[in-house]
Amino acid sequence: MADPKPEPSSSMPDSAPTIPPGLTQNEFCELIPSITQFHAYSVGPGKCSSLLAQRINAPHDLVWSVVRRFDKPQTYKHFIKSCAVKEGVQMVVGCTRDVNVISGLPAATSTEKLDILDDDRQVTGFSIIGGEHRLRNYRSVTTVHGFERDGRIWTIVLESYVVDIPEGNTEEDTRLFADTVVKLNLQKLASVTEGLARDGDGK
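Each residue of the sequence shown is one higher than the last, beginning at -12 in this note's numbering.
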């Protein structure tokens, strides 16, 4: 499967990468290769990007089993009312989903394309290619990383995105809006998967 080939990002320079809130220095050091490969973007004028992290007290395979479901984003994404994929379509790179967003947001619908789904490396990503919303040319990558120390198991999920800055908005406004949505989704992912782990669905 072809891997995305992101260019180095001016917002995450190799010389001084920024540690996303919630990560320890040791966790970050272990994750730098994945961040460099999957979460660095070439951010030109009129665009912004961000990288967020979530610690989850559940096995990484359990977390991945939820994250990989391109056809069921509403399992952990707060603002999705429904998601439809064509009947019989396999969840492979290039397939699309039509998402309806709950009322109250500056969006109504979103058509999204699966860009990568790598079960071995636990990487997935999608692009928004249509719909009624403010996130133009939005592209996102999510990676799942298992950790084990002193008999304790946990997972770090990294999610990054790059998006156009809408006319009339600042970079700060755009990042604040997108970051808030991603943070809430990652927090719900933690709640859902930690609950599954407690119920015995985790290993």
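Here a beta-carbon is modelled for each residue, glycine too, at the ideal position from N, C-alpha and C.
- Between the C-alpha atoms of GLU154 and ASP137 there is a straight-line separation of about 50 Å.
- Contact check for VAL50 and VAL144: beta-carbon distance about 6 Å, within the 8 Å limit, so the pair qualifies.
- With contacts defined by Cβ atoms closer than 8 Å, LEU39 and LEU122 do not form a contacting pair.
- Rounded to the nearest whole angstrom, the CA to CA distance from ASP48 to GLY118 is 32 Å.
- DSSP lists no beta-bridge partner residue for THR167.
- In this structure, DSSP gives GLU17 a helical state, which the three-state scheme calls helix.
- Assignment of beta-bridge partners to TYR148 by DSSP yields SER37 and SER127.
- Here HIS65 is exposed, its C-beta having fewer than 16 other C-beta atoms within 10 Å.
- With a contact defined as Cβ atoms closer than 8 Å, CYS35 and GLU146 miss out at about 15 Å.
- ALA45 sits in coil when the DSSP states are folded into three classes, being neither helix nor strand.
- In the three-state DSSP reduction, VAL80 falls in the coil class, being neither helix nor strand.
- Judged by their CB atoms, PHE25 and THR130 are nearer to each other than the 8 Å cut-off.
- Proximity to GLY81 across VAL88, ILE67, SER69 and THR98 peaks at THR98, based on C-alpha coordinates.
- With distances taken between CA atoms, TYR148 lies nearest to TYR125 out of TYR125, GLY133, HIS132 and VAL168.
- Here the alpha carbons of ILE22 and THR5 stand approximately 11 Å from one another.
- Here PHE57 really is in contact with LEU101; their C-beta atoms are around 5 Å apart, less than 8 Å.
- Cβ atoms of VAL86 and ILE67 come within 8 Å of each other, at about 5 Å.
- For the pair ILE43 and LEU176, the CB atoms are nearer than the 8 Å cut-off.
- Residue environment for THR167: exposed (fewer than 16 other C-beta atoms within 10 angstroms of its C-beta).
- For ASP137, DSSP assigns no beta-bridge partner whatsoever.
- In the DSSP assignment, VAL110 is bridged to ASP105 and THR130.
- Within the DSSP secondary-structure output, VAL88 pairs in a beta bridge with ILE67.
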